[in-house]
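There are 2 protein chains.
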Amino acid sequence: MKVAVGVHIIADLYGVDARLISSSEAISPIMENAIQEGHLTKISSEYYQFRPMGASGIALLAESHLSFHTWPEYGLVTLDIYTCGDRSNADRAFDYIIKVLKPTSVDYRKMERGSQIKEDVRITDPQMML
Amino acid sequence: MKVAVGVHIIADLYGVDARLISSSEAISPIMENAIQEGHLTKISSEYYQFRPMGASGIALLAESHLSFHTWPEYGLVTLDIYTCGDRSNADRAFDYIIKVLKPTSVDYRKMERGSQIKEDVRITDPQMML
């Protein structure tokens, strides 16, 4: 049986109000709230402020990761939400971000990650690998 | 004129020797070296060890990000290298990782991010956005 390990939403958001995405202070609550809305488990998160404007944020999750990179000069956010486990979690986090940022258009793709894995190749004895 | 802000390599690596990817100690030098090989600028990196095995690593780069998630029980690494600037940097980092991990097969995609941006929509006065 084939199994995929996770689902990855890859979205470029256009026409976002630059004031919402110019600073790390602006994007950090959006990202942190998206993690909560998605019922995701944060291991750590890191934000960075570019000069004169623009920000990046990346969160390491127990379920994989979530990242934000912003170009306020273009009204652009490039967003990745990659989660394992309950597939609706990524959707919930994504829907929250769209609700807050209100892009005028979105280039959206959703990918299966690890989709060539077959359950029967699973190595069941972890000691084999140490 | 249309411009893309970056290039994103999305790759699932299969058939990787589980010993190379079972621990955060094993993957961290690979990731850090890939950043150097790609001439990328690290802002921060974070690693996490799953029990009984498997690891995640994520690096925030001035050029965007690089992430690793491993499932040694499947011989699987899901890898993302997303960079702005010189497009050959992502390729160099990717080539290094492939050379070290020697997967038996790779599901590889390369995407333009922010590809709907038009240069003429650029807002040139940053004060407009503050």
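Just so you know, the protein sequences line up as chains A and B, in that order. Each residue of the first sequence is one higher than the one before, counting from 4 in the numbering used here. Each residue of the second sequence is one higher than the one before, counting from 4 in the numbering used here. Beta carbons are placed, not taken as given, at the ideal position from N, Cα and C, and that holds for glycine. As the structure is a prediction and not an experimental result, all values here were calculated from the model.
Neighbourhood of Thr44 (chain B) in chain A, by CB distance below 9 Å: empty, with the nearest CB roughly 11 Å away. Bridge pairing for Ile84 (chain B): B:Ile12 and B:Leu69 [DSSP].
Assignment of Lys113 (chain B) by DSSP, reduced to helix, strand and coil, places it in the strand class. Looking at the DSSP output, Tyr17 (chain A) shares a beta bridge with A:Ser108. Take Ala7 (chain A), set aside five residues on each side of it, and the residues of its chain with a beta-carbon closer than 8 Å to its own are Glu115, Arg116, Gly117, Ser118 and Ile120, in chain order. Counting along the chain, the unbroken beta strand (DSSP E) around Ile61 (chain A) starts and ends at Ala58 to Leu64. Taking the CA atoms as reference points, Tyr85 (chain B) sits about 10 Å from Ala96 (chain B). Residues of chain A whose Cβ lies closer than 9 Å to the Cβ of Gln119 (chain B) are, in chain order, Asp15, Tyr17, Leu79, Ser108 and Asp110. Here His11 (chain A) is not near Ile61 (chain B), since their CB atoms are 7 Å or more apart. For the C-beta of Ser47 (chain B), the chain A residues within less than 7 Å are, from N- to C-terminus, Glu49. Excluding five sequence positions before and after Asp15 (chain B), the CB atoms of its chain that fall closer than 6 Å to its own CB belong to Thr81 and Asp110, given in chain order.
Listed along the chain, the chain B residues whose CB falls inside 8 Å of the CB of Val10 (chain A) amount to none; the nearest CB is some 11 Å away. Cys87 (chain A) and Gly9 (chain A) have their C-alpha atoms some 4 Å from each other.
In the DSSP assignment, Gln39 (chain B) falls within the alpha helix (DSSP H) that extends over Ser27 to Glu40. Not a single C-beta of chain B is nearer than 7 Å to the C-beta of Ser91 (chain A). DSSP, read as helix, strand or coil, puts Ile120 (chain A) in coil. Close to Leu104 (chain B), with beta-carbon spacing below 7 Å, lies no residue of chain A; the smallest spacing is near 14 Å.
Among the bridge pairs identified by DSSP, Glu49 (chain A) is matched with A:Ile61. Contacts with chain B (Cβ-Cβ distance below 8 Å) from the region 19–42 of chain A involve Ala21, Arg22 and Ser25, listed in chain order.
At a cut-off of 7 Å between beta-carbon atoms, Arg54 (chain A) makes no contact with chain B. Of the other Cβ atoms in all chains shown, 16 or more fall within 10 Å of the Cβ of Thr73 (chain B); this residue is therefore buried.
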